[in-house]
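Down below is the structure, laid out as structure tokens.
Numbering (the working numbering), first residue to last: 10 to 82.
The following block contains the structure:
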């Protein structure tokens with residue numbers, strides 16, 4: 010079981026925000042996911058990058074849902 014405290018709530022909220030960002034704004038999620046490597050050359054934003062962003066959005070939301078179910082009540 011996961012303890013129910015403010016840190017857990019923060020992590021769950023962060024997962025939900027990242028999941029929604031990946032689903033609703035995949036171009037911004039793509040830019041955010043490159044954060045540490047912003048100045049390195051990269052491939053342009055295309056359809057496969059959009060699909061990857063949406064996939065990671067779904068993974069983040071499913072992870073948040075599972076963690077929410079495991080939090081102690």
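Idealized CB from N, CA, C, for every residue including glycine.
(message) If I measure Cβ to Cβ from residue 27 and keep anything under 6 Å in the same chain, skipping five residues before and after, which residues do I get?
(response) 69
(message) Tell me whether the region 31-43 and the region 52-65 touch, counting them as touching only if at least three CB pairs, one residue from each stretch, are closer than 8 Å.
(response) yes
(message) For residue 52 and residue 44, what's the separation of their Cα atoms in angstroms?
(response) 14 Å
(request) For residue 64, count neighbouring C-beta atoms within 10 Å of its own C-beta (all shown protein chains included) and say buried if the count is 16 or more, exposed if not. (result) Counting Cβ neighbours within 10 Å, residue 64 comes out exposed, since fewer than 16 surround it.
(message) Nearest by alpha-carbon distance to residue 25: which of 72, 55, 13 is it?
(response) 72
(request) For the alpha helix (DSSP H) containing residue 35, list its first residue and its last residue. (result) 35-42
(message) Per the DSSP calculation, residue 11 is bridged to which residue(s)?
(response) Paired residues: 80.
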